[in-house]
Amino acid sequence: MHNSPKYSCDGKGLTLWLVAIAALIGGVLAANQLLQPPAAPVLSQSTTRLVPARVLQAFELIDHTGAAFNLERLRGHWSFLFFGYTHCPDICPTTLNTLNVLARTIATLPEPASTPQYLFVSVDPERDTPELLAKFVPYFNPTFIGVTGTTSAIDMLTKQLSIMHMKIESDRPDNYLVDHSAALLLIDPQGNLHALMSPPFDTDRMTQDFQKLTAYYEAIQ
Amino acid sequence: MKIGSLSAFALFCSVWAATAQADALTVSGAWVREGPPTTQVLAGYAQIANPGTQDITIVGARSPQFDTVEIHRTEIVEGMARMIAQPELVIPAGGSVSLEPGGLHLMLIQAQNPLASGDHVEIQLQLNNGTQLRVDAEVRPDPDAGAGMDHSHHHH
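The listed protein sequences derive, respectively, from chains A and B. Everything in the first sequence is counted per the working numbering, starting at 727 for the first residue and increasing by one. Everything in the second sequence is counted per the working numbering, starting at -16 for the first residue and increasing by one.
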């Protein structure tokens, strides 16, 4: 008769085995949970996340205070970009007012989502001097920044962002119109084009989408 | 026959007056959005109703306080925002047309003097029946820019 107490399946040994197996399974599950990337955010229909985010090339523009505005100024924080022009009476003021409401709502979110910058980029650099932007953009919200530059520098940025703009010649040379993309763009803290939001703009929905995008971005860093 | 034609003319006049009365447009809620003090262009909005039985067409607009007034419609087509000048605007019989942000609006170009909230703008709408309709529009801030959060549910 051979008896090996070491591997016996008496009550005590069996319990130890079961505990060991349970611990192993639990450990594998926990590790799986930790290694699993967080689920991509589920956004409203009007928000599109770019996968991967689009890396932008350098550009040299100027803000409404006359300071240089380049790629560096898009880094380290989130940025909302809207395109328009100061001679635009309806859609641009309407959108800037909407952005003001959006900014106030976003300001109530927890950090770091609460502190994006808001940029109004001119698609009419011929008329929109920094001085004119300084009298226009901060009127809607004192933290908003107007951006302009040479026509070629503006094109350099808008092309990368797939933003279209087209001057519509009229019989009044001073009062031409500019057709332009109505989308709102979101740049992430690495300075990459991260998402775009399409009109009609619903600030509650946009705030929720922005919160999801920033939370996901933080989670995968 | 002189008396006869005179009375016919008088009858014509009274009928014409009655028709003109019945065909009047009613304008309500006219306002001009306050802009930055230096702004070159402003937008005016209103509800224009036609309680009459005949369509009335607005064929032009002007204001003594602006160089030019045009009727425009903002459209967003395939992601592009553009403004389309409307040479005329038909207010259908028994119907109404709403001029509102993001849609139809009066484009007020080059104010003679800067305008601020509380100021009034006189707008003259020229109608296809040869008459003019004077509209008083108050300058005020965009209601959407207010503290309220329930602001974006009136898009079309």
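All residues carry an ideal CB built from backbone N, CA and C; glycine is no exception.
Distance, residue j Cα to residue i Cα
i: T40 of chain B; j: C818 of chain A; result: 28 Å
i: H59 of chain B; j: A909 of chain A; result: Before going further, note that residue 59 of chain B is Ile rather than His in the sequence given. Whole-angstrom Cα-Cα distance: 10 Å.
i: V15 of chain B; j: V904 of chain A; result: 22 Å
i: G792 of chain A; j: P778 of chain A; result: 33 Å
i: R672 of chain A; j: F808 of chain A; result: This structure does not reach residue 672 of chain A, given that chain A is present from 727 up to 947, and the question cannot be answered.
i: A76 of chain B; j: D50 of chain B; result: 31 Å
i: S896 of chain A; j: A68 of chain B; result: 11 Å
i: V141 of chain B; j: R65 of chain B; result: With chain B covering -16 to 139 only, the question about residue 141 of chain B has no answer from this structure.
i: Q37 of chain B; j: G113 of chain B; result: 15 Å
i: Q947 of chain A; j: A860 of chain A; result: 36 Å
i: V827 of chain A; j: I31 of chain B; result: 29 Å
i: H891 of chain A; j: R780 of chain A; result: 20 Å
i: R830 of chain A; j: P34 of chain B; result: 42 Å
i: S888 of chain A; j: A748 of chain A; result: 54 Å
i: T855 of chain A; j: C814 of chain A; result: 15 Å
i: P838 of chain A; j: Q937 of chain A; result: 10 Å
i: Y865 of chain A; j: G752 of chain A; result: 58 Å
i: S840 of chain A; j: T834 of chain A; result: 6 Å
i: T929 of chain A; j: T820 of chain A; result: 13 Å
i: D816 of chain A; j: V754 of chain A; result: 59 Å
i: L740 of chain A; j: P763 of chain A; result: 37 Å
i: H103 of chain B; j: N867 of chain A; result: 25 Å
i: A29 of chain B; j: Q48 of chain B; result: 18 Å
i: Y825 of chain A; j: V745 of chain A; result: Per the sequence presented here, residue 825 of chain A reads as Leu, with Tyr not at that position. Going from the Cα of L825 of chain A to the Cα of V745 of chain A covers about 58 Å.
i: G101 of chain B; j: Q95 of chain B; result: 17 Å
i: A99 of chain B; j: P925 of chain A; result: 29 Å
i: P70 of chain B; j: T877 of chain A; result: 31 Å
i: K893 of chain A; j: A945 of chain A; result: 42 Å
i: A13 of chain B; j: R123 of chain B; result: 10 Å
i: V80 of chain B; j: S772 of chain A; result: 28 Å
i: L750 of chain A; j: L742 of chain A; result: 12 Å
i: A7 of chain B; j: G810 of chain A; result: 38 Å
Contact set for residue i: own chain, Cβ-Cβ below 6 Å, skip 5 residues either direction
i: V863 of chain A; result: H790, F846, F870 and G872
i: A765 of chain A; result: none
i: S770 of chain A; result: R931 and D935
i: L883 of chain A; result: F785
i: D125 of chain B; result: R16
i: A794 of chain A; result: none
Closest by C-alpha distance to residue i, when choosing among the options
i: R931 of chain A; options: A:Y902, A:L822, A:I832 and A:K738; result: A:I832
i: K885 of chain A; options: A:N867, A:V849 and A:R853; result: A:V849
i: S11 of chain B; options: B:Q48, B:T22, B:E61 and B:E121; result: B:E121
i: Q23 of chain B; options: A:N901, A:G752, A:E944 and A:P851; result: A:N901
i: P899 of chain A; options: A:R853, A:E837 and A:Y943; result: A:R853
i: E857 of chain A; options: A:N918, A:T812 and A:E944; result: A:T812
i: F927 of chain A; options: B:P84, B:E71, B:T9 and B:P70; result: B:P84
i: A941 of chain A; options: A:P767, A:N918 and A:I894; result: A:P767
i: H803 of chain A; options: A:N918, A:A879, A:S878 and A:G810; result: A:N918
Spatial neighbours of residue i in its chain, beta-carbon cut-off 7 Å, leaving aside the 5 residues before and after
i: L89 of chain B; result: A26, G27, A44, V52, I54, L82 and I106
i: E805 of chain A; result: In the sequence on display, residue 805 of chain A carries Ser and not Glu. The answer, listed in chain order, is P842, Q843, L845 and I913.
i: P97 of chain B; result: P20
i: N111 of chain B; result: I39, T40 and V42
i: D881 of chain A; result: none
i: T774 of chain A; result: A921 and L922
i: A879 of chain A; result: F785, E786 and L787
i: Y943 of chain A; result: D914
i: T9 of chain B; result: A32 and P34
Anticipated Cβ contact below 8 Å, residue i with residue j, distance rounded
i: R801 of chain A; j: Q934 of chain A; result: Rounded, the Cβ-Cβ distance is 25 Å, inconsistent with contact.
i: H920 of chain A; j: L776 of chain A; result: 6 Å
i: G62 of chain B; j: S907 of chain A; result: 5 Å
i: G875 of chain A; j: P851 of chain A; result: 6 Å
i: S46 of chain B; j: L91 of chain B; result: 6 Å
i: L939 of chain A; j: L922 of chain A; result: No, L939 of chain A and L922 of chain A are not in contact; Cβ-Cβ is about 11 Å, not under 8 Å.
i: D127 of chain B; j: N823 of chain A; result: 5 Å
i: Q93 of chain B; j: V42 of chain B; result: With a Cβ gap of about 21 Å, Q93 of chain B and V42 of chain B do not count as contacting.
Residues of its chain near residue i, where Cβ-Cβ distance is below 8 Å and the 5 sequence neighbours each way are ignored
i: N796 of chain A; result: A784, F785, E786 and L787
i: G78 of chain B; result: A32 and N33
i: K738 of chain A; result: none
Proximal residues, the segment 45 to 74 of chain B versus chain A, C-beta separation under 8 Å: T51, H55, T57, I59, G62, M63, A64, R65 and M66
Chain B contacts from the segment 811 to 834 of chain A (Cβ-Cβ distance under 9 Å): So the list reads T812, H813, C814, P815, D816, I817, C818, P819, T820, T821, L822, N823, T824, N826, V827, R830 and T831, given in the order they occur along the chain.
In chain order, what residues of the segment 895 to 921 of chain A put their CB closer than 7 Å to some CB of chain B? N901, L903, D905, H906, S907, A908 and A909
Closer than 8 Å, Cβ to Cβ, to anything on chain A: give me those residues from the segment 17 to 29 of chain B, in chain order. G18, P19, P20, T21, T22, Q23, V24, L25 and A26
Given a limit of 8 Å on CB to CB distance, which residues of the segment 856 to 889 of chain A reach chain B? Taking 8 Å as the Cβ-Cβ cut-off against chain B, the residues of the segment 856 to 889 of chain A that qualify are L858, K861, F862, Y865 and F866.
Output needed in chain order: residues of the segment 924 to 939 of chain A with a Cβ under 8 Å from some Cβ in chain B. S924, P925, P926, F927, D928, T929 and D930
Residues within the segment 76 to 87 of chain B neighbouring chain A, beta-carbon criterion of under 7 Å: P84 and G85
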